[in-house]
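Engineer: Under the numbering used here, the residue at position 36 of the sequence shown is numbered 53, and the numbers go up by one with no gaps.
Take a look at the following structure, please.
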Amino acid sequence: MRGFIVMAMFTASFASAGWSDYEEIRDLNLGANGVSRLSIDAGAGSMDVKGVAGLDKIIVKATIVVPDKDEEHALRVIEKDMKLTLEQKGSEARLDARFDSHLFRTGSDAYIALEVSVPKGMDIDIVDGSGSIDITDVESDVSIDDGSGSIDVKNVAGLTIDDGSGSIDVVNASGDVSIVDGSGSISVRHVGGSVSIDDGSGSIKVSDVENDLVIVDDGSGGLTFSDVRGKVDQET
């Protein structure tokens, strides 16, 4: 199936005083008929993904920020180096939201903050460079590959996280939860399946797990768990 893009509108704001941030908002929409998964490839910037009952499309609000640049320079950066698309390919929707990496070698800190609404039950696959991630009420399987930044997840099915650094907080996962984390605290509560954690450093707190808890490696930092109804296996 051919890919297609729907981009609804954008607005821009800019303060004329020197050393101000250029900010532009773009709204993207894509019909969700036949789409079972949304894959997000994002660079720097926060991300907020929410599941909405009865929604029949994917809605994206992208706030583009180019710090400390005049309007003319910011618009050149956006036109030349930003990728912001929402496409459907078969049963998958793909959201790309990032600036080319070479910008960071030239001193630009441009980023895109994303607010995404999806129909409940749509699987989510995220590859993210940096910035906080907040996922709520999708009630589906979620996979996150993140460089840095806090991760907060609530009301999902299965969950897989591979994170470089930053705190992780998980509440209400009906399936299995697997976390590989470099550094940062981890809190997991109310899981309907099993939990597996491989952590480099940072405290780990786990409670209310229906099946097993496996700690592959807890590195450095305290470990506490309670109300695990399956077996507990600490491999370290």
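Glycine is no exception: its CB is placed at the ideal position from the N, C-alpha and C atoms.
None of these values were measured; they are calculated from a predicted model.
(1) If you draw a straight line from the C-alpha of Asn-172 to the C-alpha of Ala-79, how long is it?
(2) Is it a yes or a no for the segment 224-234 touching the segment 200-211, going by three-plus beta-carbon pairs under 8 Å?
(3) Between which residues of its own chain and Val-188 is the CB-CB distance below 7 Å, once the five residues before and five after are set aside?
(4) Using three-state DSSP, classify Arg-54 as helix, strand or coil.
(5) Quick test of your reading: Asp-126 and Pro-84, contact by CB under 8 Å. State the CB separation rounded to the nearest angstrom.
(6) Over what stretch of residues does the alpha helix (DSSP H) that includes Asp-98 continue unbroken?
(7) Of all Cβ atoms in chain D, is any one closer than 8 Å to the Cβ of Gln-105?
(8) Report the rounded CA-to-CA distance for Val-133 versus Leu-45, giving the unit in angstroms.
(9) Touch check for the segment 90-103 and the segment 63-74: three-plus C-beta pairs under 8 Å?
(10) I need the boundaries of the beta strand (DSSP E) containing Pro-136, first residue and last residue.
(11) Between which two residues does the beta strand (DSSP E) holding Asn-46 run?
(12) Within 10 Å of its beta-carbon, does Asp-234 have 16 or more other beta-carbons around it, so buried, or fewer, so exposed?
(13) Would you give the residue range spanned by the beta strand (DSSP E) that Lys-248 belongs to?
(14) On the DSSP letters alone, give me the boundaries of the beta strand (DSSP E) that Gly-62 sits inside.
(15) According to DSSP, is Val-155 helix, strand or coil?
(16) Is the Cβ-Cβ distance between Gly-183 and Ser-167 less than 8 Å?
(17) So what's Ala-174 in DSSP terms, helix, strand or just coil?
(18) Pull up the distance between the alpha-carbon of Glu-252 and that of Asp-216, whole angstroms please.
(19) According to DSSP, is Gly-199 part of a helix, a strand, or is it coil?
(20) What whole-angstrom Cβ distance do Arg-43 and Ile-81 have, given they're in contact under 8 Å?
(21) Please report how far the alpha carbon of Lys-222 lies from the alpha carbon of Ser-195, in whole angstroms.
(22) Give the secondary structure of Gly-71 by DSSP, where H, G and I count as helix, E and B as strand, and everything else as coil.
(23) Is the Cβ-Cβ distance between Leu-103 and Leu-112 less than 8 Å?
Structural biologist: Working from what's here:
(1) Counting from one through the sequence shown, the residue named residue 172 turns up at place 155. Counting from one through the sequence shown, the residue named residue 79 turns up at place 62. So the alpha carbons of these two residues sit roughly 24 Å apart.
(2) yes
(3) One-based indexing of the sequence shown puts residue 188 at position 171. Cβ neighbours of Val-188 beyond the five flanking positions: Lys-171, Arg-206 and His-207.
(4) Residue 54 sits at position 37 when you count from the first residue of the sequence shown. Correct three-state label for Arg-54: strand.
(5) Numbered from its first residue, the sequence shown carries residue 126 at position 109. Numbered from its first residue, the sequence shown carries residue 84 at position 67. Indeed they touch by this definition, with Cβ atoms about 5 Å apart.
(6) Numbered from its first residue, the sequence shown carries residue 98 at position 81. Where Asp-98 is concerned, the enclosing alpha helix (DSSP H) stretches over 88-98.
(7) No chain D appears in the structure shown, which is made up of a single protein chain.
(8) Taking the first residue of the sequence shown as 1, we reach residue 133 at position 116. Taking the first residue of the sequence shown as 1, we reach residue 45 at position 28. Taking the straight line from one Cα to the other gives about 9 Å.
(9) no
(10) Numbered from 1 along the sequence shown, position 119 holds the residue referred to as residue 136. 128-136 is the extent of the beta strand (DSSP E) around Pro-136.
(11) Working through the sequence shown from its first residue, we reach residue 46 at position 29. In the DSSP annotation of this structure, the continuous segment of the beta strand (DSSP E) that includes Asn-46 starts and ends at 39-48.
(12) Translated into positions along the sequence shown, residue 234 becomes position 217. Exposed, by the Cβ-count rule.
(13) Translated into the one-based positions of the sequence shown, residue 248 becomes position 231. Lys-248 -> no beta strand (DSSP E), and no H or E assigned at all.
(14) Position 45 of the sequence shown, counted from the first residue, corresponds to residue 62. Where Gly-62 is concerned, there is no enclosing beta strand (DSSP E), given that its DSSP letter is neither H nor E.
(15) Locating residue 155 in the sequence shown gives position 138, counting from the first residue. Looking at Val-155 - three-state DSSP - the assignment turns out to be coil, as it is neither helix nor strand.
(16) Locating residue 183 in the sequence shown gives position 166, where the first residue counts as 1. Locating residue 167 in the sequence shown gives position 150, where the first residue counts as 1. Contact: yes.
(17) Start at 1 with the first residue of the sequence shown, and residue 174 comes out as number 157. Coil, per DSSP.
(18) Here residue 252 corresponds to residue number 235 of the sequence shown, with the count starting at 1. Here residue 216 corresponds to residue number 199 of the sequence shown, with the count starting at 1. If I take the Cα positions, the gap works out to 12 Å.
(19) Taking the sequence shown and counting its residues from 1, one reaches residue 199 at position 182. Note: Gly-199 maps to strand in three-state DSSP.
(20) In the sequence shown, counting from the first residue as 1, residue 43 sits at position 26. In the sequence shown, counting from the first residue as 1, residue 81 sits at position 64. Going by Cβ atoms, the distance from Arg-43 to Ile-81 rounds to 7 Å, so yes, they are a contact pair.
(21) Along the sequence shown, read from residue 1 onward, the residue named residue 222 stands at position 205. Along the sequence shown, read from residue 1 onward, the residue named residue 195 stands at position 178. Distance between the alpha carbons of Lys-222 and Ser-195 is about 14 Å.
(22) For the purposes of this step, residue 71 is taken as residue 54 along the sequence shown, with counting starting at 1. Gly-71: coil per DSSP, three-state reduction.
(23) Your numbering for residue 103 matches position 86 in the sequence shown. Your numbering for residue 112 matches position 95 in the sequence shown. Contact flag set, yes.
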